[in-house]
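Structure, as structure tokens:
2 protein chains.
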Amino acid sequence: MATENETEYRILRSAEEVFYRHGYDGAKMQDIADGASINKALLHYYFRSKERLFDAVFSAAVERLVPPLFLTLGSEKPLTQKIREFVDTYFDTVLEHPFLPGFVVHEMHRNPDRFRKTIASGNLLDLEGLQAALDEGTSRGEFRQTDAMQFLLNLLSLSAFPFIAARAMQAISALGEEEYRRTLDERRALVPVWMEDILKPCTLS
Amino acid sequence: MATENETEYRILRSAEEVFYRHGYDGAKMQDIADGASINKALLHYYFRSKERLFDAVFSAAVERLVPPLFLTLGSEKPLTQKIREFVDTYFDTVLEHPFLPGFVVHEMHRNPDRFRKTIASGNLLDLEGLQAALDEGTSRGEFRQTDAMQFLLNLLSLSAFPFIAARAMQAISALGEEEYRRTLDERRALVPVWMEDILKPCTLS
DNA sequence: ATGATGTTTAACCGAAAAGTTAAACTTTTC
DNA sequence: GAAAAGTTTAACTTTTCGGTTAAACATCAT
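So the sequences go chain by chain: Z and F. End of the first sequence = 204 in numbering that gives the first Met the number 0, gap-free, step of one. End of the second sequence = 204 in numbering that gives the first Met the number 0, gap-free, step of one.
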């Protein structure tokens with residue numbers, strides 16, 4: 000190995016950028032090669048085909064996005080703390096890779112089976128465990144009756160959607176890039192509060 | 000007109016299906032033609048180019064999705080009622096066209112300007128008006144201090160994300176199509192409640 | 001009927017993009 | 001230092017896909 004697979008690294012970085020931004024169908028191998036300052040043939044030397052290169056990028060993307068979810072929510076800490084930790088790590092990764100959630104969601108939509116295969120390393124999210132934690136809080140009078148799936152959907156919705164729909168929201172609201180970014184930053188502190196509000200027993204106002 | 004533009008209707012339906020599922024880049028004119036049981040030349044006879052056909056589909060999609068948002072939120076009713084109405088109409092349209100939100104979000108991401116042009120019939124969302132309504136509730140002691148943009152993001156997040164990420168959530172949770180659908184149905188009643196919980200003044204528990 | 005207009009088709013074209021080849025160059029190994 | 005293995009390139013081939021053409025077919029007014 001001459002260049003100590005620095006080339007491979009550059010390819011993956013470039014491919015990431017292009018695939019994240021344009022999706023599989025919109026991505027061009029030439030652009031990826033250009034981004035890595037190599038030519039197309041070398042690209043095919045390292046990764047036989049567009050399909051394979053994409054698989055590498057997609058797996059890495061899922062790997063980057065999903066484990067925090069599983070790990071934080073699977074731990075044995077109090078639920079409110081899990082929420083905070085999840086939002087924090089999620090915002091960290093996504094502020095660094097703003098197109099990541101949209102990319103994964105879109106490609107999953109395009110081809111659900113690929114994802115199943117990528118993720119099906121045995122470990123699905125432990126919904127039952129989450130439900131148990133929720134029920135326990137309910138019986139202690141701390142939480143209202145809450146379905147685990149709905150809880151999870153709320154957490155992900157409030158965290159992910161503003162990134163996925165960033166462009167749309169900017170257009171709809173006439174907010175600039177910078178202003179919108181600030182709005183997103185603020186949510187890091189707000190989402191956990193909202194999630195807890197949603198969990199609290201209903202106050203009959 | 001011999002067939003009373005039934006052909007055009009079939010084309011648009013087919014194009015909708017293909018574009019919604021694969022996006023602009025992933026869609027093939029041949030597939031759209033096949034779906035409408037005609038051949039490619041006839042497709043180009045009705046819609047000069049892929050671009051134009053896409054524009055027709057995209058405009059219709061935006062038209063289907065956005066006005067409810069603007070209208071309900073722009074009305075003069077109490078905010079909590081606006082929320083209920085919005086969620087209700089939103090769920091009606093989206094349960095009928097589950098791929099609509101994902102499609103719009105993705106294509107907007109691909110080309111933000113097109114959307115600006117499609118929607119820029121002068122009417123952007125009246126964020127100031129929404130903020131005024133929120134502030135008024137705050138001063139009456141009914142709501143906590145709330146930023147209009149955050150409010151809007153929450154409403155859309157909780158409503159739209161579960162549809163956009165349907166495939167991903169199903170894979171992650173091992174829920175079947177039908178079960179997930181039921182979960183979504185339940186949210187129609189739940190989202191307004193949550194939105195109100197998030198608005199209420201903070202209870203210092 | 002017939003010609004004008006509108007509709008539909010099969011066959012073709014050209015550009016773009018994925019993928020291949022063969023040769024040159026570099027590095028490693030013995 | 002020479003052969004082997006690994007790396008890089010320019011030029012080429014193939015495939016895919018959007019778009020066109022010209023001719024056949026249908027419909028309808030006069």
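Glycine residues also receive a C-beta, built at the ideal position from the N, C-alpha and C atoms. What you are looking at is a predicted structure, and each value in this text was computed from that prediction instead of being measured.
Beta-carbon proximity check, residue i vs residue j, cutoff 9 Å
i: residue 72 of chain Z; j: residue 125 of chain Z; result: yes
i: residue 198 of chain Z; j: residue 136 of chain Z; result: yes
i: residue 108 of chain F; j: residue 165 of chain Z; result: yes
i: residue 189 of chain Z; j: residue 149 of chain F; result: yes
i: residue 60 of chain Z; j: residue 127 of chain Z; result: no
i: residue 90 of chain Z; j: residue 158 of chain Z; result: yes
i: residue 102 of chain F; j: residue 19 of chain F; result: yes
i: residue 168 of chain Z; j: residue 64 of chain F; result: no
i: residue 51 of chain Z; j: residue 35 of chain Z; result: no
i: residue 26 of chain Z; j: residue 53 of chain Z; result: yes
i: residue 100 of chain Z; j: residue 162 of chain Z; result: yes
i: residue 152 of chain Z; j: residue 187 of chain F; result: no
i: residue 160 of chain F; j: residue 117 of chain F; result: no
i: residue 142 of chain F; j: residue 183 of chain F; result: no
i: residue 196 of chain Z; j: residue 196 of chain F; result: yes
i: residue 170 of chain Z; j: residue 191 of chain F; result: no
i: residue 45 of chain Z; j: residue 92 of chain Z; result: no
Cβ of residue i within 9 Å of any chain Z Cβ
i: residue 96 of chain F; result: no
i: residue 171 of chain F; result: yes
i: residue 73 of chain F; result: no
i: residue 85 of chain F; result: no
i: residue 93 of chain F; result: no
i: residue 57 of chain F; result: no
i: residue 140 of chain F; result: no
i: residue 101 of chain F; result: yes
i: residue 20 of chain F; result: yes
i: residue 124 of chain F; result: yes
i: residue 28 of chain F; result: no
i: residue 131 of chain F; result: no
i: residue 144 of chain F; result: no
Closer than 9 Å to chain F by CB, residue i
i: residue 137 of chain Z; result: no
i: residue 14 of chain Z; result: no
i: residue 156 of chain Z; result: yes
i: residue 205 of chain Z; result: Since the first residue shown for chain Z is 0 and the last is 204, residue 205 of chain Z is missing from the structure and cannot be characterised.
i: residue 108 of chain Z; result: yes
i: residue 77 of chain Z; result: no
i: residue 159 of chain Z; result: yes
i: residue 2 of chain Z; result: The pLDDT assigned to residue 2 of chain Z is 41, lower than 50, so where the model puts this residue is not dependable; a value taken from the coordinates is nonetheless given after this. No, no contact with chain F.
i: residue 105 of chain Z; result: yes
i: residue 65 of chain Z; result: yes
i: residue 163 of chain Z; result: yes
i: residue 118 of chain Z; result: yes
i: residue 9 of chain Z; result: no
i: residue 153 of chain Z; result: yes
i: residue 134 of chain Z; result: no
i: residue 174 of chain Z; result: yes
i: residue 47 of chain Z; result: no
Classification of residue i by the beta-carbon crowding that lies within 10 angstroms, buried from 16 upward
i: residue 181 of chain Z; result: exposed
i: residue 145 of chain F; result: buried
i: residue 177 of chain Z; result: exposed
i: residue 81 of chain Z; result: buried
i: residue 83 of chain F; result: buried
i: residue 22 of chain Z; result: buried
i: residue 62 of chain F; result: exposed
i: residue 200 of chain Z; result: exposed
i: residue 40 of chain F; result: exposed
i: residue 106 of chain Z; result: buried
i: residue 173 of chain F; result: exposed
The ligand NAD heavy atom lying under 8 Å from the CB of residue i
i: residue 12 of chain Z; result: By its list of ligands, the structure shown contains no ligand whatsoever, and the ligand NAD lies outside what it can speak to.
- Task: Check distances from the C-beta atoms of the region 178-197 of chain F to those of chain Z and list, in chain order, the residues that come in under 8 Å.
- Result: Listed by position along the chain: 182, 185, 186, 189, 192, 193, 196, 197.
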